[in-house]
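Chains as they are written, first to last, in my numbering: chain S, 97 to 1007; chain V, 971 to 1498.
Yeah, the Cβ is synthetic: ideal placement off N, Cα and C, and Gly gets one too.
This is the structure in C-alpha cells:
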C-alpha cells in the first residue's frame, strides 16, 4: 500500500490516506461534497455516475467525480468553485426534472434525495417536461415499486448485484429510456427476488419502499438491537411508533455491515400476532393428553389462570417429581432463541434445584455432531474464525450448507469473496443459490460425505500436499491417519459419492495448495448418523494442510439459531457447565459448586432425543420446556409426541401456543426477543446486545422473571433483577467472557469472546499457536464411510431430506406468524426433480403423498431442478404437513444427533 | 397480468427444458464465460431474428448467469429485438434503414416510409443510426446484407437475400515475431502518429503507458466505427485488410500481449466473414486473436465502453483513472487501437517515420453529403475542408457550400467561411469543434443546419448509455430545447456547459457541439 498523499483541497494542503478518494478525504476533514449515487450507503462501491460530487482539478479539461478520483501528490482540487457549483446545481436540476413531488413516508432512507435537493436548491421547471410513464408495481408482498421516482442512481443495482449478490435488479435499455428492471423486466412479485430488501434501504428516493407504511409519516424513534432469527447476528435498528415496530434497517454490525435478509427485515411482526399467549394457562382437570389433540382444538383443553396459581402449579409439579422420582426424572429444554442470561439461569435452575443434568436444547438437532468432533479433535467446539474472513480466504469450501437460505447475510460474504477472486467450492447433493458462483460444484450422492471427504484427504496425503511443518508442530496421529486414508483413492470412492475422480483430485489440490482456505459447513454435514465422522474429515482437511489459525484459514460450522452458540457457552447442554466445564471433571465442577453453594451432579445428563425416549420409558416424568418445540422439531414426531403425552407433568414457557404447548399442564406466557434485553452470541463468537424494543403483551412476563419465580418457589432465593445482574455472575464463572459486560456492550455493541479483560478486544481467530487440549496439539481421527441408517429400497425408493427455507424459521412458530414471510411462502411444499415428476406421472400443480416407515403426509409439489433425481426435499416448518413425521430418529453415536437429512420414503400422487 | 407467484416452482421464471435444449444446440461447444455473452446473443438472434424471453432465461441457465445479467446486456444493444412474453415476435429478417445526416440528405426518410409500406411486417423495418455507408447513401442493411443500391431492395427482399456480399480474399500478413517495443515507440514518436479513431492521442505516448505493465496484456482493435459520416475503417478493411492486420501484429508483438480482441461493428458483416476466414490463418504463436461483433451501440466505440462490451456487459464508459493501460479488459493492462491507426503503423514500419512525416501525416478522410463523389480520400493532415471537397470532385450539381461537419456528429457544424481551415487535430478546437475521425459531411443551401443538429441531438440521446446524469437526462432535454434554439439559447448554453464539464465520456461532452457551434457561428445568418 502506498503512503499518504499531500494535495491542495480548497487551497489548504491536506493529507489523503492511501486509497482514499477526494470525497472521502474531504469528508474526513469536514468538507461535505454532495452525492447521491455514492457515499450514501456505507460499504457500497462508489459509482461516479450521478455527477453531483464533481470537483475541479487544476489542469484538467473536465470536472472529476470526487467519489472515484484519488488525489495525487500536489493535485489542486476545488470543491466549491463557481464552475463546480454551476455544474452541480444543473445536475441536480436534471435529476429532479420529471420526478414527482417527494414522497411523505416515515421510511428515512427514502428521504435522502429530497433532502439533498433541498440543500442544493436547484431551479425547477425550466426544462421541458418529458413523459414519466413508470407505473407502480405492488405485486410483491414486501416491497412496493414506484419507478416514476427513480433517478437511476443505481444504488439498488449495486445493492442487489454486489452487496447481496442476488442479481435480480439491473438496468435495461439505455440513454434516457434506461430503467431499473427485475429479471427480464418482470413484476417484482414474479421475479427471482429473495426480498432481502437491501435495495429498499439503499434507495434514496422512495422508488423502492417497504409495503404499507403510513402516509403522512407519523413520528418515529429508533432502537438499536439485533435480528432475532439466525446465527449470523445481524445488527439492526428498529424504527418505532409508540409501541409498534414500523420497519427495520440494517446496522453496520461486524457480521452484517448493514445487510439483512428477508426474515430480519420483514419478519418482525410475529411479536404482535394475535396468537401471542398473554395469560397463564392450566390444563383443565381430567382432560387427557393424546397426540390426536393437535387435530382438534387443543386450546380448549386449557383454562386461564393467575400467575400465582400457574407458577405454584409448575413449581409444585417439579417438586413432586423430585420428591417421588428424584432429580433424574426431571428434564429441561432451554432454547437457543433465548439470551445467554436465560440459558444460564435455566441450566442453573435444573442443576441446582433438581441436581439434574438432563438439560439440553436444539443444538442437539443441529451441530451436536460437529461440536463432538471439534471437541475431540481440537478441544473447542466453536468456530476458529469468523465467516467474514471468507474474504481473506483464497479457497472457500461450503459443504452441507445452504447459506443463501439459512445464513443469507453470511452467504453475501462468500459470494463477494468469490467475486473478489477467491475460489469457491460447494459440496451439496442439491443444487443451490451458490452453485452458479462456484468454481467447483460437487453434487455428491446423499449420505456419501465420508467417501467424498476421505477421497479428498487421500489425494492430499498421497500427493504429498500436506503441511509437514504444521503437522509436526501441532497435530497428533498423522502416521496412523495417513495409513488409514490409503484405503480411499478417489477412483474407488467416485462410484460411491457420484463425483468423478479427476474432479476430486482437482478440488483436493486446490484446497491443499491454497495459502489460506476456510471450510464452512451446516446441517447437511451434521444431521446424519455419521455426522461426527463427516466433521472429523473436515477437521482433518484443515489440520493436515495447516489451514487453521490464520485470518482466512479455519473451520466454521455455521451456527443456526441466533443464540445457539451462546446457549451452549452458557452450559445449556447435559455434559458441560458454563464455558464447557465438564460436569464429570471434579475440579471444573467444584468451581461452580463453590459459586452456587451446593454439590452438583457429576454424571452427564441425557440429550434431547434420549430425554424423549426416557419419557416414553417413564424414566423422565416431568419436563420444563422453555422456548423449544420438540413436537415439531424432533425426528419421528409420532413417537416424540407420544413421549410428550406420556409425561406426568409438562411446563411449557413460550410466546405462542406451539405444538409442544398442546401437551402441557401449565403454559407460562413469556416474552419475545423484542420484549427483553439480553446478550446473544452469534456464529462468529461475537457477543452482542439485544435491547428491549416493545413491552410484553397482556400479562406475559419476561423469561428471566419466570425462571426466577420458579427457582424461588423451589427455595433458591435468587435476587437477580436484570439481565445485567445475571451476566455479572456469568463472567465470574466463564473466563472466556470475563472481559464482557452489559456496560461495555452498551458502548461497543459487540465484543468477540474470548475476551478476558475489559480492554481485551477479543480474539476473532483462534489457535494460531496451538489448541486447548492437554498436549496443546490437535488430534486426527479417522472416519470410515458407511451407509446411512435407512437406505431406499423397493418399498421406499426415494431419499427424503429435510431442512429449512429462506422465509421460514425452524418450526415456523415465529416466521409463519410474520405476515410477509407467510405471504411469500404460505404453506408446505415437497420439492422434486422435474424428471421424477414426469416419471411418476404426477401433476406438477397437484399434491403428492410421502410415506416413510414412521408416518405419512401430503403437500403440494414444487418442481425444482436443484433437487436431484431420486430425492425429495421438504422444509420442516409446516405443522399441517410436518416433515418430521417421516424422519429417522437414528442417532449419531457421538453427537447424539438424529439423521433428519436422510430417510427412505415412498412418493405417490395424493388422493 | 398475472401477479401471484405460483407455489409449484421456485421463485422467478424457470428455464424450460425445450429452450435449454435449443440454446445448447445452437451454442454447440462454444465457451460459456461471460465474455462470450454478446456472441451468444448474436447466435440466438441470427437464428430467430429476436431474443425470446424463454431463450434468454435458458441462455442464463446454460451460462451460469442470472437472468438479469443476460437481460441487461441484451437490452443495451440495438440489434437485439426483445419481444415480451405477450408480444408478437418481429419478423425474423430485419431491414435497417440509415437515419444519419448524409442518408437523410439522400432521401432516407422517404425510403423508410416506403419500406414500411412495402415490406412490414413481413420484414422488420427499422430506422438505424449511421451504417458507415455515406458514400452510397441512402444506406440500408437487409439481414446482414449491405444494400449498395436501394433500387435492388425489392428484389433482394423477395429473394430473401440476407447474406453479406463477399469481399476480396485477404492474404494473411506475416508475423514478424518478437519486436522491440522501444524501437517502435521511437519510430512512432518521430512519425507523430496519432490515434485516428478520433481522439488524436499520440500513439507513442499511449504505448509508453505499457512500460512495465504486468502480463497477460491485451490489445484491442477498435473496428466499431460508428461516428456518423465515418466509413474509412470500413474502406481500409475492404481494400487494405492485410495492412491493417499487419499493423495489428506489429502492435501485438511489440506490446507483448497475449490476447488480441478484434471488435467489429455489427453492420460490417461482410468484413466479419472475411476476418473470420483470415484471422485463423495468421501464424500467431503465443497469441490469441478473438473476433467479436458489436451489436448496435455507438458508445462501444469509446474504448472503456468497448471493454465492458468485450466482457459481455452493457457498454458503459468507465471513470478514468484507472486508465485501460493499467486496468482494462478484465482488469488486465489493455491498449486499444483504431483500425486506421494500425494501418498507418504498418505503413510507417514499411516506409519509415520520415516518409510519414514528410507526407504531412496522411490519413483517410470520409467525405459525404453534397459533394459529387462521396467517398474515402487519402490526404495529408494539413488538407483543408475546401481541398477535400475538391478531392470529392467538388460540390454536387445545384449545390453550393453552406456548412459542413468536420468531425461527424460530435465535431460541430461550421459555416462555409471556415472551409479554408485544415482538417487537422487542434484546428477546430478553438471554435468549439474538432475533426475527430476525419468525417467531413458537406451541407448546401438545400439543407437546414438546425434540422441536422436536431438529427444529431436525437442520435446522441438515442446512443447515450444512460450512465451519467448530464448525458442521460441532458441529451434528451437538449433535443427538445433545440426545437426553438434561439428562444432557449441561455438554457441550452447552461445545459451544454454542465454536459461538457460533468459527463463521464466524450459522448455527453460533445453532444452539445452541434447546437453550440450553430449558436456561435451562424447567429448572423439565423442558422438556416
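Could you tell me whether the Cβ atoms of residue i and residue j are closer together than 8 Å?
i, j, result
"residue 1276 (chain V)", "residue 1311 (chain V)", "no"
"residue 47 (chain S)", "residue 1445 (chain V)", "Absent from the structure is residue 47 (chain S), since the part of chain S shown begins at 97 and ends at 1007."
"residue 606 (chain S)", "residue 749 (chain S)", "no"
"residue 1178 (chain V)", "residue 1395 (chain V)", "no"
"residue 148 (chain S)", "residue 120 (chain S)", "no"
"residue 159 (chain S)", "residue 1103 (chain V)", "no"
"residue 1414 (chain V)", "residue 1371 (chain V)", "yes"
"residue 440 (chain S)", "residue 793 (chain S)", "no"
"residue 573 (chain S)", "residue 876 (chain S)", "yes"
"residue 959 (chain S)", "residue 928 (chain S)", "yes"
"residue 546 (chain S)", "residue 991 (chain S)", "no"
Could you spell out the range, first to last residue, of the beta strand (DSSP E) harbouring residue i?
i, result
"residue 240 (chain S)", "239 to 241"
"residue 952 (chain S)", "952 to 959"
"residue 1258 (chain V)", "1258 to 1263"
"residue 943 (chain S)", "943 to 947"
"residue 927 (chain S)", "925 to 928"
First and last residue of the alpha helix (DSSP H) that includes residue i?
i, result
"residue 1461 (chain V)", "1459 to 1472"
"residue 1328 (chain V)", "1323 to 1328"
"residue 442 (chain S)", "436 to 449"
"residue 1441 (chain V)", "1439 to 1451"
Using only the alpha-carbon positions, how far apart do residue i and residue j sit?
i, j, result
"residue 500 (chain S)", "residue 529 (chain S)", "6 Å"
"residue 1492 (chain V)", "residue 143 (chain S)", "39 Å"
"residue 988 (chain S)", "residue 626 (chain S)", "6 Å"
"residue 981 (chain V)", "residue 376 (chain S)", "41 Å"
"residue 250 (chain S)", "residue 154 (chain S)", "29 Å"
"residue 1498 (chain V)", "residue 345 (chain S)", "Confidence at residue 1498 (chain V) is low in this model, with a pLDDT of 46, below 50, so the placement of that residue should be treated as unreliable; the coordinate-derived value is given next. C-alpha separation (whole angstroms): 59 Å."
"residue 205 (chain S)", "residue 1185 (chain V)", "44 Å"
"residue 1243 (chain V)", "residue 1132 (chain V)", "14 Å"
"residue 1058 (chain V)", "residue 1167 (chain V)", "40 Å"
"residue 194 (chain S)", "residue 1044 (chain V)", "27 Å"
Of all the options the options, which has the alpha carbon lying nearest to the alpha carbon of residue i?
i, options, result
"residue 977 (chain S)", "S:439, S:954, S:616 and S:281", "S:954"
"residue 1488 (chain V)", "V:1403, V:1308, V:1450 and V:1428", "V:1403"
"residue 1341 (chain V)", "V:1331, V:1196 and V:1361", "V:1361"
"residue 780 (chain S)", "S:700, S:661, S:878 and S:717", "S:661"
"residue 860 (chain S)", "S:812, S:442, S:104 and S:644", "S:644"
"residue 409 (chain S)", "S:539, S:809, S:968 and S:920", "S:809"
"residue 711 (chain S)", "S:783, S:113, S:759 and S:991", "S:759"
"residue 1295 (chain V)", "V:1098, V:1304 and V:1289", "V:1304"
"residue 1004 (chain S)", "S:994, S:926, S:972 and S:985", "S:926"
"residue 1381 (chain V)", "V:1450, V:1406 and V:1067", "V:1406"
Tell me whether residue i counts as near the ligand ADP, meaning its Cβ is closer than 7 Å to at least one heavy atom of that ligand.
i, result
"residue 1063 (chain V)", "With respect to small molecules bound, the structure shown includes none, and the ligand ADP cannot be examined in it."
Got a sec: which bits of the segment 1458 to 1484 of chain V sit with their beta carbon under 8 Å from any beta carbon on chain S, in order along the chain? 1461, 1464, 1465, 1467, 1468, 1470, 1471, 1472, 1473, 1474 and 1479
Against chain S: residues of the segment 1425 to 1437 of chain V by CB proximity under 9 Å: 1430, 1431, 1432, 1433, 1434, 1435, 1436 and 1437
Give, in chain order, every residue of the segment 278 to 297 of chain S whose Cβ lies closer than 8 Å to some Cβ of chain V. 278, 279, 280, 281, 282, 283, 285, 286, 287, 288, 289 and 290
Anything in the segment 150 to 168 of chain S with a Cβ closer than 7 Å to a Cβ of chain V? List those residues in chain order, please. 150, 158, 159, 161 and 164
Against chain S, which members of the segment 1123 to 1143 of chain V pass a CB distance test of less than 8 Å? Against chain S - using a Cβ distance shorter than 8 Å - the segment 1123 to 1143 of chain V contributes no residues.
Using a Cβ-Cβ cutoff of 9 Å, what residues of the segment 1391 to 1419 of chain V are near chain S? List them in chain order. none
So if I threshold CB-CB distances at 7 Å, which residues from the segment 183 to 217 of chain S count as touching chain V? Within the segment 183 to 217 of chain S, the residues whose Cβ lies closer than 7 Å to some Cβ of chain V are 183, 186, 187, 190, 191 and 193, listed in chain order.
Name, going along the chain, the residues of the segment 928 to 951 of chain S whose beta-carbon falls closer than 8 Å to a beta-carbon of chain V. 930, 940 and 941
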